[in-house]
Amino acid sequence: MKSDAEDLMPRLLPVELGDSTEDVDLNGPPRNPQEYLRQVQLEASLCPDVVVAQIDPKKLKKQTVNVSVAGCHAAPVGFCPSLSWQQQQVSNFSDVRQRIAKNRKHWSSQTLDDNVLMPKLTDEESWKRFCLGERVYLGTTSYNKDTEQEPALDFNKVGFPPFLSIVSRLNQSTVLVVLEILINWFEEREFVPQLGRWLYALLACLEKPLLPEAHSSIRQLARRCGQLRSSLVTGIGKHR
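The sequence shown begins at 155 in our numbering and counts up by one.
Put into structure tokens, the structure is as follows:
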């Protein structure tokens, strides 16, 4: 009669153990190929079906996400943020991440307005238009602080904000793709508020552990931001 293990994983080689395995010596070297296979089969039959590892929780190290940003430009004098400011931003960002994760299911079930047409995953140009708006995408106008205060706001022109009802619909593959698209766009162009909002929202939607693609995108973004920051003039706050 076959064992349960044999029913699930049938033998690949026709080796018969016989009615008894008492003549199989597990301590000595096999004398021939058939005896070797019989030893392997016997050892396998003696293994328990389930093995539980004994792990001491005190020896486990707390997992952290550490993204190297080697190659970033140093901040000019007067533009390096204080440690307290950095800690506050990290705390705020962590809170946003937790709220998104907690309410993702609720927001993803909300009905989108008729004018919100989500681009296809591989349509890079449509994602740029969707997030940044036609004005920024086409370069027809620079950002004006009064733009978002127009009576009849046209999101197709100024870009759709990263509403929770929108970003909650994006799976991790889409988040990574859109993040890469916007960072690549940022490599050749100046910073605009629409870009900042989307980058922050997409980074907040990343799930741990980070995939290699996420690490690469974060490093690329950090280098680009460091490059722009290094061009700032102390006391003026304008690009050279």
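Note that the Cβ used here is the ideal one computed from N, Cα and C, for glycine as well.
For residue i, collect the residues of the same chain with a Cβ closer than 7 Å to its Cβ; drop the 5 residues on either side in sequence, then sort them by chain order.
| i | result |
| --- | --- |
| Leu360 | Val329 and Ala368 |
| Pro235 | none |
| Phe429 | Because the chain is modelled from 155 through 394, residue 429 falls outside the range shown and cannot be assessed. |
| Trp261 | Leu318, Ser319 and Ser322 |
Quick one: measure Cβ to Cβ for residue i and residue j, integer angstroms, because I've assumed they're closer than 8 Å.
| i | j | result |
| --- | --- | --- |
| Cys379 | Leu336 | Rounded, the Cβ-Cβ distance is 13 Å, inconsistent with contact. |
| Gln264 | Ser319 | 4 Å |
| Trp281 | Val346 | 15 Å between Cβ atoms; not a contact. |
| Ala358 | Val250 | 5 Å |
| His227 | Gln326 | Actually they do not touch by this definition, with Cβ atoms about 30 Å apart. |
Using the Cβ count rule (16 or more neighbours within 10 Å means buried), how would you classify residue i?
| i | result |
| --- | --- |
| Asp207 | In the sequence on display, residue 207 carries Ala and not Asp. Classification of Ala207: exposed, given that the 10 Å Cβ count is below 16. |
| Ile209 | exposed |
| Val321 | buried |
| Phe247 | exposed |
| Ala355 | buried |
| Leu275 | exposed |
| Leu307 | exposed |
| Leu237 | exposed |
| Trp352 | buried |
| Trp239 | exposed |
Among the options, which has the Cα closest to the Cα of residue i?
| i | options | result |
| --- | --- | --- |
| Gly350 | Ser371, Arg383, Pro230 and Pro316 | Pro316 |
| Asp277 | Glu334, Leu237 and His260 | Glu334 |
| Glu342 | Gln193, Val290 and Trp352 | Val290 |
| Arg383 | Lys259, Gly232 and Asp179 | Gly232 |
| Lys259 | Leu191, Arg323 and Arg192 | Arg323 |
| Val387 | Pro230, Glu279 and Glu344 | Pro230 |
| Glu344 | Ser385, Leu365 and Gln241 | Ser385 |
Among the residues of its own chain, which have a CB less than 8 Å from the CB of residue i, if the five just before and after it don't count?
| i | result |
| --- | --- |
| Asn310 | Asn269, Arg283, Gly287 and Glu288 |
| Ser371 | Leu330, Leu333, Glu334 and Ile337 |
| Lys212 | none |
Is residue i a contact residue of the ligand GTP, with contact defined as CB to any heavy atom under 7 Å?
| i | result |
| --- | --- |
| Leu386 | Ligands displayed in this structure: none; no statement on the ligand GTP is therefore possible. |
Once you ignore the five residues that flank residue i on each side, which residues in its own chain have a CB closer than 6 Å to its CB?
| i | result |
| --- | --- |
| Gln374 | Ile337 |
| Gly313 | Cys285, Leu286, Gly287 and Gln348 |
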